[in-house]
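Written below as structure tokens is the structure these notes are about.
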Amino acid sequence: MKTIGFLTGTAMLATAGALPAQVITPPVAGVTAPSQGFPTEPGSDYYLANYDAYEAYLKQLASQSDRMKLVDIGKSAEGRTMWMAIVSTPANLARLDRYRDIARRLAKADGVTEAQAKALAAEGKAVVWIDAGLHATETVTTQSQIHVLYRMLTGTDAETMRILDETIVLFAHDNPDGLQLVADWYMRNKDPKDREFRTIPRLYQKYVGHDNNRDSFMAQMPETAAINRVLFREWFPQIVFNQHQTGPAGMVVFVPPFRDPFNYNYNPIVMTELQEVGAAMHSRLVSEEKAGAGMRSAAPYSTWHNGMVRSIAYFHNSIGLLTEIIGGPTPEKIPLIADTQLARSDEPLPISPREWHLRDSLEYQWSLDRAVMDYAARNRERLLLNIWRMGDQAIRRGNRDSWTTTPAEVDALKEAGKAKKADEGFVGSNSRAREGMVAPDLYKTVLQDPAKRDPRGYILSADQRDLPTTIAFLNTLIKNGVDVDRATTAFTVAGKRYPAGSYVVKTGQAYRPHVLDMFEPQDHPHDLEYPGGPPKAPYDITGYTLAYQMGVGFDRVLDGFTAPTERVADLIAPAPGRITGSGRAGWLVGHETNNGFILTNRLLKAGVPVAWVKAETKAGGRTLAPGAIWIPASAAAQAVLSRSVAELGIDAYAQGRAPTATLALKPVRIGLVDRYGGVMPAGWTRFLLEQFEFPFTVVYPQELDAGNLNAKYDALLFADGTVPTVRGGPYPGGYRFDLPKPAAIPAAYRSWLGEVTTDTTLPAVKAFAEGGGTVLTVGSANRLASLLAPSLQPALVTKKADGTLAALDNKTFYIPGAIVQASVDPRQPLGYGMTATVDMFFDDSQPFRLADGAGARVAWFDNPRPLRSGWAVGQEKLQGTIAVADLDLGRGKLFAMGPEVTQRAQPYATFKLLFNGLLYGPAVAATR
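Counting from 248, one number per residue, gives the positions in the sequence shown under the working numbering.
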């Protein structure tokens, strides 16, 4: 980690000459003000500072102020430096190592007594993280951070001095690449009235755009990994303030607290403190007559999902804050909305309609930041002690019998209470209370059923089907500060023998809430708009248990146990694979590991023959399931294999003779379909293809429409959202926004314009498939699949009066982002390497029905209760429907995947369905 201290001689930035008539932040001698450090003062109408200018200004501030230390925390996806400005008094900055160690010891809590914790809290400084720019088109946060920094470096009022003395504030920028893209795009037009960023040509994070705030528990993007390292492995802030926009309609800003549901895994102190901070923020705005703030019901945000910057903080005993504010460089108007004009608890001070400028948002943001910093300063010792208390309570709960009460347990209690009512002695005069009372002894028998105890820990045996994927799962935990142990020798727990190299994750640790949330199923409440009404949409998804999504094998251990282990110090590399056996005909590799696709792609790139064995085969004393990879012996194959097996954690078995009945693979030319502006699932898929070394080219609709696709591609991949859906039709979802006119954008991007259409694109894609091409459709893109193959139709639909189909209404069927179990046929090439059942992510997806003899079902639902994690209404309707289908189209193939099998690059357990399809389709077409 590089640090820029208080250097001198830094080159001054270009200035605009005379200061504008109305400076947003007046200059103070000795430190360059925003109005002096940029061509135009950030916060001015029609101006955005880009990351280059922001970075240069940070370096200039660090050279001029002794209240700031500038730290390099990592590189962005495009290689830019991510800077974090640490702001405090010079005396505190001189002792940063000590204060960081205090924060670590209190947050991790292990081995720290209450007396020691109180002493450390008395000595330590509150640590506050305040970021900017995560979502790059939400421009207020970066432009305001420039002013907040300057004011904190130059202010001499009592509040500023108290904040500096009692706190260490970490000001960070989350998305340098996005800021550079958006600001440059906005400023490209000379006429200010023509400036906009609605039409940026691609996602504002290299791969995932807005979903960079859904990556927190996976930490796959480099920016997320850098943020998480600071938050949970280096600095352990007690408050994490993640700033966003846009605010609720007819208002200015959403400020916590949030609406329910409340996640049942984290410590309630997090929520009570969050409400304290939220109250301080609202009180400051109201006291300063800054109207238009709302909370709770004013917006849909909840504290359920673990995947966001502010929400993952809850599972690490930190207060996670989110604000959503209006504003931008182009002035706008606050509309008059009648329902926002009546003051209420969640909207205490309504705002009148008015013109709004970016500088207005900056002043609101300044007040909110000040309120958070002031709260931290005034509650420094309590914040530090409470983060220790939460960690200590987590450790103690993990080391004794404990229970987590979820909606399922409450429902069971109510059911048991029907037969066992409370004794009248407990009933008061409140008739409503009387209705809900059940016998008190049910608390022990139902809510504390010994069989439903929380685990003391999880054991992940070293003999996993796909150990490299298990390592990837463990690394997500380590990136988030979770303690992971590795067995030094074999051991036995609960009568089961585990080999050396197995991993143990105990729940007796400070970050127990995060551990439980990654291993245990989420039980989302049945949340309705009103009794008997439709479901209330969650904020994001409801079920995401990562161990399920990644197909990791683990044992839940309910009783205390010991094992001969050592702490894993940092990210784990897969155990090196080996080449065993003495045969000279070639090598066999099992199909179980996802890393096998990397090996296959390397071999194909090197021009080495590779095939799949169609039947079971034996090698190295093992029975390999259908789909084993066969690599005929050659010097080129030996070179790739020797280099790859150790790195990838794959074993290869030398054979004396070649297997029979194989399917030869071929190098594939993949076209990954996207659209102008970028589709996030396509971006996630692009990331995955790169990680697993599939060769691909991004394809836009104009190229599809031009036809002759077989000359360029073997497979076309349509991710969720890349095919326009019909509003109110059978395939929910899709990403739609108006495209710019060609003349309004640079010529380099005009070929990206266009949409997938039934008139032009459909015939071209159909000709491609019939000519031997492979078409893969995922999620809402299956509208195209049904048009290509009318024998494949959406299953959960109703017929409208005009004869067209519509998806079932939400009261009948609703699975808003959850994990369900599907059956798989691993004897089919699309299912090679998979188990007979798989946990599959399902998000308002549409399964299929196939006409008799029209194709093969590869994955399907045969259980009336397939829900594994999350929330489902009408889940029984999935029974008998198809999740993944394999159809012939002329000489080619169509693989339709209803659920999102690559959702946010998390469900490693279902990646094989897509990866197999990319290789299998072109391979079988070559035989026709």
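Ideal placement from N, C-alpha and C gives every residue a C-beta, glycine not left out.
Residue Leu596 holds the alpha-carbon nearest to the alpha-carbon of glycine 497 among Arg435, Leu596, Ile474, Gly868. Its chain contains Arg916, Ile917, Gly918, Leu919, Lys959, Tyr960 as the residues whose beta carbon lies nearer than 8 Å to that of threonine 944, once the 5 sequence neighbours on both sides are disregarded; these appear in chain order. Taking a C-beta distance under 9 Å as the contact criterion, proline 484 and tyrosine 786 do not qualify as a contact pair. Boundaries of the alpha helix (DSSP H) around valine 892: 882-895.
Secondary structure at glutamate 571: strand, using DSSP grouped into helix, strand and coil. In the three-state scheme derived from DSSP, where H, G and I count as helix and E and B as strand, proline 928 is classed as helix. Every alpha helix (DSSP H) of 4 residues or more that sits fully in the segment 789-830 is shown, in chain order, as 793-796.
DSSP places alanine 991 in the helix class (H, G or I) of the three-state scheme. Around the beta carbon of lysine 691, fewer than 16 other beta carbons sit within 10 angstroms, so the residue counts as exposed.
Taking a 10 Å sphere around the C-beta of proline 504, we find 16 or more other C-beta atoms and assign the residue as buried. Going by DSSP, lysine 316 is part of the beta strand (DSSP E) stretching over 315-322.
Three or more Cβ pairs closer than 8 Å define a contact, and the segment 407-418 meets that threshold against the segment 369-389. Taking C-beta separations shorter than 7 Å and ignoring five residues to either side along the sequence, the partners of alanine 884 in its chain run Leu850, Val855, Ile878, following chain order.
The beta carbons of glycine 1168 and alanine 962 sit about 6 Å from each other, so the pair counts as a contact at 8 Å. Linking alanine 405 to asparagine 339 through their CA atoms gives a straight-line distance of about 17 Å. Going by C-alpha positions, methionine 465 is about 12 Å away from aspartate 458. Aspartate 732: member of the beta strand (DSSP E) spanning 732-734, first to last residue. Restricting attention to Leu343, Thr969, Lys726, Ala810, the CA atom closest to the CA of alanine 747 is found in Ala810. A check of alpha carbon separations from asparagine 512 across Val387, Asp1086, Asp764, Glu662 identifies Asp764 as the nearest.
In the three-state DSSP reduction, lysine 743 falls in the strand class (E or B). In the structure shown, the three-state DSSP call for glutamine 492 is coil.
In the three-state DSSP reduction, glutamate 579 falls in the strand class (E or B). Less than 9 Å separates the beta-carbon of glycine 284 from that of tyrosine 304. The alpha-carbon separation between glycine 1020 and valine 387 amounts to approximately 47 Å.
Spatial neighbours of proline 469 in its own chain (CB-CB distance under 7 Å, excluding positions within 5 residues in sequence) are listed in chain order as Gly321, Lys322, Ser323, Ala324. Put simply, the segment 827-841 does not touch the segment 753-767. Fewer than three CB pairs are less than 8 Å apart. Residue pairing by DSSP places valine 752 opposite Tyr705 in a beta bridge.
Alanine 1032 and alanine 545 have their C-alpha atoms some 40 Å from each other.
Rounded to the nearest whole angstrom, the CA to CA distance from leucine 630 to arginine 759 is 19 Å.
In this structure, arginine 345 sits away from aspartate 424, with a CB-CB distance that is not shorter than 9 Å. With respect to threonine 1157, valine 1085 sits close: the two C-beta atoms are nearer than 9 Å. With a 10 Å radius around the Cβ and a threshold of 16 neighbouring Cβ atoms, phenylalanine 984 comes out exposed.
Excluding the 5 residues flanking it on each side, glutamate 628 has same chain C-beta neighbours closer than 7 Å at Ala368, Ala369, in chain order.
Three or more pairs of CB atoms, one per stretch, sit closer than 8 Å, so the segment 795-814 contacts the segment 698-709. Counting other Cβ atoms within 10 Å of its Cβ, aspartate 621 reaches 16 or more and is therefore classed as buried. Tyrosine 923 sits buried, since 16 or more C-beta atoms from the chains shown fall within 10 Å of its C-beta.
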